[in-house]
Amino acid sequence: MGNPFFKNNGPFKLRDILRDLNLTNNQINQDQKIIDIKDLQNSKSNEITFFHSKKYKTVANNTKASFCMTTENLKNELPKECIPIIVENVLVSTSLITAKFYPNSINDDFDNTVNDINKTEFNNNVKYGKNVLIGQNVSIGLNCLIGHNTIIEKNVIIGNNCSIGSNTIIRNSLIKNNVRILDNCVIGKHGFGFFPKQNKNLRYPHMGIVIIEDNCEIGCGSTIDRGSMSNTTIGKNTYLDNQIHIAHNVTIGENSIIAGQVGIAGSSIIGKNVKIGGQAGISGHLKIGDNVEIAGGSGVIKDIPDKSKVMGYPAKNIRQFLKENK
Amino acid sequence: MGNPFFKNNGPFKLRDILRDLNLTNNQINQDQKIIDIKDLQNSKSNEITFFHSKKYKTVANNTKASFCMTTENLKNELPKECIPIIVENVLVSTSLITAKFYPNSINDDFDNTVNDINKTEFNNNVKYGKNVLIGQNVSIGLNCLIGHNTIIEKNVIIGNNCSIGSNTIIRNSLIKNNVRILDNCVIGKHGFGFFPKQNKNLRYPHMGIVIIEDNCEIGCGSTIDRGSMSNTTIGKNTYLDNQIHIAHNVTIGENSIIAGQVGIAGSSIIGKNVKIGGQAGISGHLKIGDNVEIAGGSGVIKDIPDKSKVMGYPAKNIRQFLKENK
Amino acid sequence: MGNPFFKNNGPFKLRDILRDLNLTNNQINQDQKIIDIKDLQNSKSNEITFFHSKKYKTVANNTKASFCMTTENLKNELPKECIPIIVENVLVSTSLITAKFYPNSINDDFDNTVNDINKTEFNNNVKYGKNVLIGQNVSIGLNCLIGHNTIIEKNVIIGNNCSIGSNTIIRNSLIKNNVRILDNCVIGKHGFGFFPKQNKNLRYPHMGIVIIEDNCEIGCGSTIDRGSMSNTTIGKNTYLDNQIHIAHNVTIGENSIIAGQVGIAGSSIIGKNVKIGGQAGISGHLKIGDNVEIAGGSGVIKDIPDKSKVMGYPAKNIRQFLKENK
Numbered sequence: 065m066g067n068p069f070f071k072n073n074g075p076f077k078l079r080d081i082l083r084d085l086n087l088t089n090n091q092i093n094q095d096q097k098i099i100d101i102k103d104l105q106n107s108k109s110n111e112i113t114f115f116h117s118k119k120y121k122t123v124a125n126n127t128k129a130s131f132c133m134t135t136e137n138l139k140n141e142l143p144k145e146c147i148p149i150i151v152e153n154v155l156v157s158t159s160l161i162t163a164k165f166y167p168n169s170i171n172d173d174f175d176n177t178v179n180d181i182n183k184t185e186f187n188n189n190v191k192y193g194k195n196v197l198i199g200q201n202v203s204i205g206l207n208c209l210i211g212h213n214t215i216i217e218k219n220v221i222i223g224n225n226c227s228i229g230s231n232t233i234i235r236n237s238l239i240k241n242n243v244r245i246l247d248n249c250v251i252g253k254h255g256f257g258f259f260p261k262q263n264k265n266l267r268y269p270h271m272g273i274v275i276i277e278d279n280c281e282i283g284c285g286s287t288i289d290r291g292s293m294s295n296t297t298i299g300k301n302t303y304l305d306n307q308i309h310i311a312h313n314v315t316i317g318e319n320s321i322i323a324g325q326v327g328i329a330g331s332s333i334i335g336k337n338v339k340i341g342g343q344a345g346i347s348g349h350l351k352i353g354d355n356v357e358i359a360g361g362s363g364v365i366k367d368i369p370d371k372s373k374v375m376g377y378p379a380k381n382i383r384q385f386l387k388e389n390k
Numbered sequence: 065m066g067n068p069f070f071k072n073n074g075p076f077k078l079r080d081i082l083r084d085l086n087l088t089n090n091q092i093n094q095d096q097k098i099i100d101i102k103d104l105q106n107s108k109s110n111e112i113t114f115f116h117s118k119k120y121k122t123v124a125n126n127t128k129a130s131f132c133m134t135t136e137n138l139k140n141e142l143p144k145e146c147i148p149i150i151v152e153n154v155l156v157s158t159s160l161i162t163a164k165f166y167p168n169s170i171n172d173d174f175d176n177t178v179n180d181i182n183k184t185e186f187n188n189n190v191k192y193g194k195n196v197l198i199g200q201n202v203s204i205g206l207n208c209l210i211g212h213n214t215i216i217e218k219n220v221i222i223g224n225n226c227s228i229g230s231n232t233i234i235r236n237s238l239i240k241n242n243v244r245i246l247d248n249c250v251i252g253k254h255g256f257g258f259f260p261k262q263n264k265n266l267r268y269p270h271m272g273i274v275i276i277e278d279n280c281e282i283g284c285g286s287t288i289d290r291g292s293m294s295n296t297t298i299g300k301n302t303y304l305d306n307q308i309h310i311a312h313n314v315t316i317g318e319n320s321i322i323a324g325q326v327g328i329a330g331s332s333i334i335g336k337n338v339k340i341g342g343q344a345g346i347s348g349h350l351k352i353g354d355n356v357e358i359a360g361g362s363g364v365i366k367d368i369p370d371k372s373k374v375m376g377y378p379a380k381n382i383r384q385f386l387k388e389n390k
Numbered sequence: 065m066g067n068p069f070f071k072n073n074g075p076f077k078l079r080d081i082l083r084d085l086n087l088t089n090n091q092i093n094q095d096q097k098i099i100d101i102k103d104l105q106n107s108k109s110n111e112i113t114f115f116h117s118k119k120y121k122t123v124a125n126n127t128k129a130s131f132c133m134t135t136e137n138l139k140n141e142l143p144k145e146c147i148p149i150i151v152e153n154v155l156v157s158t159s160l161i162t163a164k165f166y167p168n169s170i171n172d173d174f175d176n177t178v179n180d181i182n183k184t185e186f187n188n189n190v191k192y193g194k195n196v197l198i199g200q201n202v203s204i205g206l207n208c209l210i211g212h213n214t215i216i217e218k219n220v221i222i223g224n225n226c227s228i229g230s231n232t233i234i235r236n237s238l239i240k241n242n243v244r245i246l247d248n249c250v251i252g253k254h255g256f257g258f259f260p261k262q263n264k265n266l267r268y269p270h271m272g273i274v275i276i277e278d279n280c281e282i283g284c285g286s287t288i289d290r291g292s293m294s295n296t297t298i299g300k301n302t303y304l305d306n307q308i309h310i311a312h313n314v315t316i317g318e319n320s321i322i323a324g325q326v327g328i329a330g331s332s333i334i335g336k337n338v339k340i341g342g343q344a345g346i347s348g349h350l351k352i353g354d355n356v357e358i359a360g361g362s363g364v365i366k367d368i369p370d371k372s373k374v375m376g377y378p379a380k381n382i383r384q385f386l387k388e389n390k
């Protein structure tokens, strides 16, 4: 059924894709159609995927994709139904081809489909402030409030009983019920993901969205970036204070409490019932267990098991930290 | 005379309050009227208060309240004119009853009383930008400037010679004279205060306001939360840089200088002539003395006496820190 | 040719300047005209400069200025063509006289020259959102996009192929080509620079601008302050993530990557190809070399040579830090 947030410009013929990658291959039928690009786990027949690190060997062994961008030394891990397309830099090639399928997922130019809410269907069932702008195909549930100067961009879905503040921007997001997003937030912008290149970095696509589950609260001036291939998710009844930054692909479990100015870097997974003190930072690609407490100002640079209490930079057991720092 | 920022929905009969707390008590006259809820120190006859910790014993001994929510083991500290109402969790009950008196102090839905400033009395004596919105009962002094897209919500009081930037939101605040609040700020939002509950946290009321004294400057993108029972106060001639977060109930003394991205957690008291370097964080419920200097990036987790210079995380004497960290 | 961003209110007669400084001097011709104020290096004949620290002795020896505010013990370092004006506090006097020449460089009141973009010349060659405001004398290149509620203040220059987000404010800035500035930013506000004075601090002028070179990206909710006498510069193809604060007079080299919530204090110089992890802080007046990597959460308090990798607070060699903090 496809991604409702980012239009798939495919299908493309294999020939077109090879040409974009500056490759030639006369041994396979270049008229074959490729309908989508996904990661190893989620891709299916007639789709293309990518495989760039031995870490993902097991998933690669079982991919259902028909094509896979990869390297010479990894290609043998793919099932024989999956045709390897050998490239120099898998991630750069993936970025190029994803951009071909989803050109709107690269940049975040302002949404030019918006209309004054007074001119939309929402002028009856939503309570709204002055100068509220609503994009095409937006859905808003019952009993919602939307503050002044707030912009709900195209395709955003908002559930029932939500209160959105003033001067807030929401794009590429699925907001469930009873959610409160306060003032001056930006929810759903692309993540800080690109391939560094001298003179002109190469942005990679962000086709993921932001999902905010029931009963959450997001404080003023916070930013939550959408995911690249997966989503950024804030679990049920999790509260974020002001000026928090949640990077792309982060998942936060339910009933967590995150104090002001915390930053969570890309792709980290935070458990349930986690408490994070003000200004703490969590590096990317970490796993923070359930019921963890992280003291304010801590810098977490490795995984934290369930029920741990940590403090410091790098964060360690809180009792040990306090003993060492009397 | 009451709190001009949050309408008191009382008085209520004792019967109504007991019912809301799921209590019955047939020994006292349930028709008695209760007119307000306040803390132990400020409450008077025909008002209700709360007492949840031995720490407040002395104040409890002298409260003038007629009723007090408390626990079995604390009730004997109250004067005999004050009728104890025994509850399981004093703070949760206080939260419920405060919300009954002051329902508008719980959430921060956008102010739907605002009007375009062109349609208000201020179109003559204030210089203002485009799309400025002014709530009901706002007061603005002489020679003020208000920038584009800025929202001054209901009941806010602004003194003389103030300059408010663009895209800024001010609510529940008393801004004195010669104050400069720059762009993209949110002043006066409720604090990050609630009782954690699985599936649906319980917000507690914030009936306090933000008071910004004469000659202050507040940098761009800063957030200053209002207090719960008391106020959040920025002292005379104190300057805040950009992206600072001041939590609920904080008090900052006069002539202090606070650099960018500093965060001060709830209920801390900062003295006069204090200098705080960029990105420093101060935990909640601390007392920072006068003339203290806190180096940038420090994490302060205990009280700091007057005239100290501290650095590090946890912050300690700056000379000691630098000697230990050559 | 003068500063196009801040109008020079001069020339002034020497007499007027001495009077403002509460000085008298009958030995020189007080009818001489002074046309501008600049730093020691850049000032020329018929201009006034200032010299307050032995550190600048060599530059002072060669200044071309006709007048120089300085102290008794420094005056002999000036060339004999330069007439010393002896003052008690050189920086405070400089501040007063600069404010006399450039009164608009002191405060950042909202720009009252703006017009709805629909009423400007840009309604044809720029794609823009709702409620976009454009100040007098703004220049915008080809193929630019400007988001909703964004304010481009007077004199700002924007090159070709730029995309500016929504709710963003740009003032006193020169934005080159292919630059992306995302939502809720404030670019070009005065820096956090003033002389502390009991009861009423004395702001000093910020006549510098912000220069953002080709191909840069600035994340949501970021603030970049303009310089005081010099400019704040972001080098070509440098990317900033969300909620970053860049203080006045900072220079960042090209191809650098700066992650979320980083803060860089005033006048620091960051090299090329520098990578700075999330929430790191860099003190003022430092020099960070080329190809330096600073780990997230670090606090840098001294110069860092080229190609170093540092971590910690205070930041040190990353291997040493990790060894000491297992």
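Residue numbers (the numbering used here), protein chains in the order written: chain A, 65 to 390; chain B, 65 to 390; chain C, 65 to 390.
Each residue gets a CB set at the ideal place from its N, CA and C atoms; glycine is no exception.
- Legend: CB atoms of the region 206-234 of chain B lying less than 7 angstroms from CB atoms of chain C belong to residues L209, G211, H212, N213, S227, G229, S230, N231.
- The beta-bridge partner set that DSSP reports for D180 (chain A) consists of A:L197.
- Note that the region 108-128 of chain A touches the region 147-160 of chain A; at least 3 beta-carbon pairs, one per stretch, sit closer than 8 angstroms.
- Going by C-alpha positions, I333 (chain B) is about 13 angstroms away from G327 (chain B).
- Bridge partners of D100 (chain A) according to DSSP: A:E111.
- Here the alpha carbon of I298 (chain C) sits roughly 28 angstroms from the alpha carbon of N213 (chain B).
- Its chain contains K218, N219 as the residues whose beta carbon lies nearer than 7 angstroms to that of N201 (chain C), once the 5 sequence neighbours on both sides are disregarded; these appear in chain order.
- Here A379 (chain B) is actually not in contact with G353 (chain B); their C-beta atoms are around 13 angstroms apart, not less than 8 angstroms.
- Contact annotation for L246 (chain C) against chain B: no contact, minimum CB-CB distance about 13 angstroms [criterion: below 7 angstroms].
- By the neighbour-count criterion, in which 16 or more other beta carbons inside 10 Å mark a residue as buried, F259 (chain C) falls on the exposed side.
- At a cut-off of 7 angstroms between C-beta atoms, L197 (chain C) counts as an interface residue with respect to chain B.
- According to the DSSP assignment, T297 (chain B) belongs to the beta strand (DSSP E) that extends over 296-298.
- From the listed residues C:S230, C:S237, C:I233, the smallest Cα separation to I222 (chain C) is found for C:S237.
- The shortest CA-to-CA distance from G74 (chain A) to any of A:T296, A:Y303, A:N168, A:G324 is the one to A:N168.
- With respect to the C-alpha of M133 (chain C), the residue from C:L78, C:N182, C:K183 having the closest C-alpha is C:L78.
- Residue range 373-376 is occupied by the beta strand (DSSP E) that includes V374 (chain A).
- Taking a Cβ-Cβ threshold of 8 angstroms, the residues of chain C close to K194 (chain B) are V178, D180, N195, L197, in chain order.
- When the Cα atoms are used, S372 (chain C) and S227 (chain B) turn out to be separated by approximately 44 angstroms.
- Under a 10 Å Cβ-count criterion, H270 (chain B) is classified as buried, with 16 or more other Cβ atoms of the shown protein chains found around its own Cβ.
- Setting aside the 5 residues that flank it on each side, D95 (chain C) is surrounded in the same chain by K77, L78, R79, each with a C-beta closer than 8 angstroms to its C-beta; the list follows chain order.
- In this structure, the alpha-carbon of N207 (chain B) lies about 11 angstroms from that of F186 (chain B).
- In the structure shown, S203 (chain A) falls within a strand segment according to DSSP collapsed to helix, strand and coil.
- Comparing C-alpha distances from A359 (chain B) to each of B:I322, B:K351, B:S347, B:K390 shows the shortest one belongs to B:I322.
- For N125 (chain A), the enclosing alpha helix (DSSP H) has its first and last residue at 121-125.
- Residues of chain A with a Cβ closer than 8 angstroms to the Cβ of K380 (chain C) do not exist, since the nearest Cβ in that chain sits about 13 angstroms away.
- Taking CB atoms only, G327 (chain B) has no neighbour in chain C less than 7 angstroms away.
- Taking the beta carbon of D305 (chain A) as reference, the chain B residues within 7 angstroms of it are F256, listed in sequence order.
- Listed along the chain, the chain A residues whose CB falls inside 7 angstroms of the CB of D173 (chain B) are L209, S227.
- V178 (chain B) and G272 (chain B) have their C-alpha atoms spaced approximately 21 angstroms apart.
- The shortest CA-to-CA distance from D305 (chain B) to any of C:G285, C:Q325, C:A311, C:A129 is the one to C:A311.
- Per DSSP, K387 (chain B) is one residue of the alpha helix (DSSP H) stretching across 382-388.
- Sequence-distant partners of L142 (chain B) (beyond 5 residues in either direction) whose C-beta falls short of 8 angstroms from its own C-beta, in its chain, are F115, A124, N125, T127, C132, T134, P148.
- What S347 (chain C) touches in chain B, judged by beta-carbon distance under 7 angstroms, is G360, going in chain order.
- In the DSSP annotation of this structure, the continuous segment of the beta strand (DSSP E) that includes L209 (chain C) starts and ends at 208-210.
- Listed as beta-bridge partners of I288 (chain B) by DSSP are B:I251, B:I310.
- Sixteen is the threshold: when 16 or more other Cβ atoms of the shown chains lie within 10 Å of the Cβ of R290 (chain B), as they do, the residue is buried.
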